[in-house]
Ligand code: HEM
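Residue numbers (the numbering used here): 21 to 287.
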């Protein structure tokens, strides 16, 4: 068997899972205060009001579509009397509309991020790389779906290739040859998606694991005004990720606060 087939479809999925799960635990332990969307609504809200719901509602429908298409075996929908024709029309119909809405929302969000100076300045390097993979995954997913729509009954049936492979990963027996029969567009889509999952814990995407419940219970975020008194510039706190409540963090915070006792901190 070709070594690339084993590496891409037999090894990479497990590397992805280790980085995604391990990275998320690490981020939670070391950066609980930074576990946010890094909201930029305060800088610009006109474009965001349209783009954000369009993207989030679209991606929610895409997610439901992926769960149905990848997790539920074809034999189950056959048993329920859902014909291949009906499934095809439903999946491609909803998939195309949701995919195009997601793509339109994301393009607007990226345009806003690039054009509004303050929003661009609040974008980390990790987030910039993440947007490339997010956009790439969605563009190729939508293209593959539109190609399938134009081919009708002739289209590749991913429920006989990608879906069995996807389920077999979690049974620790990856059906790599089934995945290898899928067209190139799907191969690129899935490799990009795995790369996105590996970047996930190190970007603003972590908010998706908690939104909106976590916001009710997380600790306060401390916003401080700039000290404008001449000659009283603050010594910056070194930006480092330490475990919350670790001796190191607590000592550093206590030290930093000592010099700032009189500044106007608000919660
Ligand atoms: C290993 C993970 C993934 C697999 C196996 C996968 C597989 C697929 C498949 C088979 C389709 C075609 C659906 C159809 O034609 O009906 C598709 C479409 C699509 N995928 Fe993925 N995908 C994955 C991850 C992702 C991720 C992470 C995103 C977005 C961030 C995404 C976004 C899309 C979009 C927008 C479409 C087109 C609209 C739709 O059909 O829902 N996919 N994907």
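For every residue, glycine included, the Cβ atom is placed at its ideal position computed from N, Cα and C.
- Per DSSP, reduced to three states, the secondary structure at residue 202 is coil, with no helix or strand assignment.
- Residue state for residue 207 is assigned as helix, using DSSP reduced to three classes.
- In this structure, residue 68 lies near residue 132, with their beta-carbon atoms less than 9 Å apart.
- Relative to the ligand HEM, residue 79 has its C-beta within less than 8 Å of a heavy atom.
- About 33 Å separates the beta carbons of residue 130 and residue 107, which is beyond the 8 Å limit, so they are not a contact pair.
- Following the DSSP letters along the chain, one finds residue 71 inside the alpha helix (DSSP H) bounded by residues 66-91.
- Residue 126 is positioned such that its CB atom lies no closer than 9 Å to that of residue 213.
- The ligand HEM has a heavy atom closer than 8 Å to the beta-carbon of residue 158.
- In summary, residue 199 is buried, with 16 or more beta-carbon neighbours lying within 10 Å of its beta-carbon over all protein chains present.
- The Cβ atoms of residue 21 and residue 75 lie no closer than 9 Å to each other.
- CA-CA distance, residue 182 to residue 202, rounds to 7 Å.
- For residue 115, the enclosing alpha helix (DSSP H) begins and ends at 104-135.
- In this model, residue 26 and residue 34 are separated by some 12 Å (Cα to Cα).
- Using a Cβ distance threshold of 9 Å, residue 205 and residue 160 count as a contacting pair.
- The alpha-carbon separation between residue 166 and residue 50 amounts to approximately 42 Å.
- Note that the segment 83-97 touches the segment 110-119; at least 3 beta-carbon pairs, one per stretch, sit closer than 8 Å.
- When rounded, the separation of the alpha-carbon atoms in residue 94 and residue 101 is 11 Å.
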